[in-house]
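Q: Let me give you the structure first, and then I'll get to my questions.
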Amino acid sequence: MAERADIIRAAEVLKAGGLVAIPTETVYGLGADARNETAVRRIFRVKGRPETHPLIVHVARSAGLDDWAIGIPPEAHRLAAAFWPGPLTLILRKNPGVPLVVTGGQETIAIRVPNHPDALALLEHFGGGIAAPSANRFGRVSPTTAADVREDLDGDVDFILDGGPCAVGVESTILDLTGPEPRILRPGGVTREVLEAFLGRPIAIGTGVSSGEAVQTRAPGMLDSHYSPRARVRLETSGTAAAAAREELESGHRVAVWPGGGLLTGLPRGATVLDVPAKAAERAQSLYTMLRGADRERFDVIVVTLPEASGLDAAVVDRLSRAAGPKNPADGKS
Ligand code: TXA
Ligand code: MG
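Residues 657 to 990 (the working numbering) are what the sequence shown spells out, left to right.
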């Protein structure tokens with residue numbers, strides 16, 4: 657928990673148009689006053705993120721959705737009441753009063769109430785919305801500690817509110833409520849299974865369009881190049897992982913193995929096997945820390961076997977697949 661004085665300081669920095677790194681239950685965000693266009697523009701510059709990539713607006717529990725969105729479907733209110741504060745981001749039609757820079761020029765808005773005591777205290781004290789993407793440089797692994805933020809953005813952020821390590825460890829689930837049926841644009845901290853049980857019907861994932869382009873326009877965070885460590889991520893099966901690790905070692909590479917698909921046998925001695933937790937929640941919570949750790953230890957390649965993509969592991973599988981995407985031409989991804 658941050659000190660009260662830090663909450664007050666963070667709110668002052670936001671009011672003055674500054675950037676504050678905020679802890680949330682998912683990952684750290686790089687926040688600015690959502691009503692201050694100049695401050696929001698600076699987020700894009702600091703992250704190195706194209707201005708067409710929309711941000712999430714974080715609001716206090718007491719905030720009125722009407723300040724941010726219009727034409728709000730009844731389901732949005734039900735979902736908000738059930739899952740906020742929490743790792744669920746809702747896409748709604750934007751209130752015309754919200755600056756377009758926040759939404760990357762789109763007429764829809766992403767909004768959530770984060771479930772972290774310091775973020776909630778800051779939002780109440782600040783009194784407005786905080787526009788915040790994850791506090792990493794564009795395309796890199798999201799930060800889950802204040803030290804991660806410092807490593808990525810030190811000097812470019814005016815204040816870092818240290819709220820300890822993030823409990824969920826992967827980003828929020830993005831649920832689009834602007835179409836005829838709810839759709840998950842990004843799997844995250846609230847599982848598809850839980851949302852389906854709550855809404856009482858199946859929920860589609862993605863745009864239903866096979867080309868990556870439409871997804872990138874709708875939710876650019878879904879770019880294949882996102883969430884990458886410096887090391888190359890190589891997806892394998894339990895049948896091919898050992899041979900892949902051997903091949904990489906023989907090419908003179910430093911090799912780590914992330915055995916998410918269960919115990920692997922026959923791994924070569926030179927490969928470092930990472931300690932993947934047995935529980936899904938812990939796998940998600942530790943994922944980015946492990947990827948950052950592998951970079952710190954200068955591994956060239958991480959050989960990954962994926963868990964089954966259900967529950968929280970859907971988010972883990974999504975991020976690892978994207979991390980593997982563009983650097984693995986064999987995958988045929990763009
Ligand atoms: O857990 C999280 O969601 C974290 C914490 C800080 O809240 N934030 C986060 O922000 O992951 P960011 O900017 O890294 O990812 C936001 C995602 C992007 O994929 C973006 O394209 C999508 O949300 N998004 C934002 N507004 C959108 C909109 N109007 N329509 C569709 N997708 C949107
Ligand atoms: Mg991000």
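Note that the Cβ used here is the ideal one computed from N, Cα and C, for glycine as well.
Since we're looking at a predicted model, the values are computed, not measured.
Just checking, does the segment 700-709 make contact with the segment 769-779 on the three C-beta pairs under 8 angstroms criterion?
A: Under the Cβ criterion (8 angstroms, minimum of three pairs), the segment 700-709 does not count as touching the segment 769-779.
Q: So the alpha helix (DSSP H) Asp-689 belongs to, where does it begin and stop?
A: Unbroken run through Asp-689 is the beta strand (DSSP E), 685-689; no alpha helix (DSSP H).
Q: Quick check: does the Cβ of Pro-789 come within less than 6 angstroms of any heavy atom belonging to ligand 2?
A: yes
Q: According to DSSP, what are the bridge partners of Ile-786?
A: Asp-689, His-714
Q: According to DSSP, simplified to helix, strand and coil, what is Ala-667?
A: helix
Q: Quick one: what's Arg-886 bridged to in DSSP?
A: In DSSP, Arg-886 forms no bridge with anything.
Q: Look up Phe-955 in the DSSP assignment and say whether it is helix, strand or coil.
A: coil
Q: Identify, in the order they occur along the chain, each residue of the same chain with its Cβ nearer than 6 angstroms to the Cβ of Ala-927, setting aside the five sequence neighbours on each side.
A: So the list reads Ala-901, Val-911, Val-913, once near-sequence residues are dropped.
Q: Does the Cβ-Cβ distance between Val-797 and Arg-978 come in under 7 angstroms?
A: no
Q: Note down, in chain order, each residue of its chain lying with its Cβ closer than 6 angstroms to the Cβ of Glu-904, except the 5 sequence neighbours on either side.
A: Close CB contacts of Glu-904 within its chain, under the 6 angstroms cut and outside five residues either way in sequence, are with Val-911, Val-957 (chain order).
Q: Keeping to the same chain, check which residues put their C-beta closer than 6 angstroms to that of Ala-853; ignore five residues upstream and five downstream.
A: Same-chain partners within the cutoff: there are none.
Q: What number of angstroms, rounded off, separates the C-alpha of Leu-675 from the C-alpha of Gly-783?
A: 16 angstroms
Q: Hey, quick one: how far does the alpha helix (DSSP H) through Ala-599 stretch, first residue to last?
A: Since the displayed the chain opens at 657 and closes at 990, residue 599 lies outside it and no answer follows.
Q: Taking the alpha-carbon positions, what's the Leu-833 to Ile-747 distance?
A: The alpha-carbon atoms of Leu-833 and Ile-747 are separated by roughly 6 angstroms.
Q: Is any heavy atom of ligand 1 found at a distance shorter than 6 angstroms from the C-beta of Ile-726?
A: no
Q: Given a cut-off of 7 angstroms, decide if Val-960 and Leu-976 are closer than it, judged by their beta-carbon atoms.
A: yes
Q: Distance check for Phe-955 and Ala-737, CA to CA, integer angstroms please.
A: Cα to Cα, Ala-737 sits roughly 44 angstroms from Phe-955.
Q: In the DSSP assignment, the beta strand (DSSP E) including Val-913 goes from what residue to what residue?
A: 911-915
Q: Just checking Ile-859 against ligand 1 - is the residue's beta carbon closer than 6 angstroms to any of the ligand's heavy atoms?
A: no
Q: Measuring only the C-alpha atoms, how far is Ala-803 from Ala-690?
A: 25 angstroms
Q: What residue range does the alpha helix (DSSP H) around Leu-621 cover?
A: Residue 621 is absent from the model: the chain starts at 657 and stops at 990.
Q: I'd like to know if the segment 816-834 and the segment 677-696 are in contact, where contact means that at least 3 CB-CB pairs between them fall below 8 angstroms.
A: yes
Q: Nearest to Lys-750 by CA position, among Val-769, Leu-923, Asp-723, is which residue?
A: Asp-723
Q: Provide the residue(s) that pair with Ile-767 in DSSP beta bridges, ordered along the chain.
A: According to DSSP, Ile-767 bridges with Val-713, Leu-746.
Q: Kindly say whether Tyr-684, judged by its beta-carbon, lies nearer than 7 angstroms to any beta-carbon of chain B.
A: Here chain B cannot be found, since the structure has a single protein chain.
Q: Would you decide whether Gly-811 is buried or exposed? Buried here means 16 or more other CB atoms lie within 10 Å of its CB.
A: exposed
Q: Taking only the alpha-carbon atoms, compute the straight-line gap between Pro-789 and Gly-916 and give it to the nearest angstrom.
A: Cα-Cα distance, rounded: 27 angstroms.
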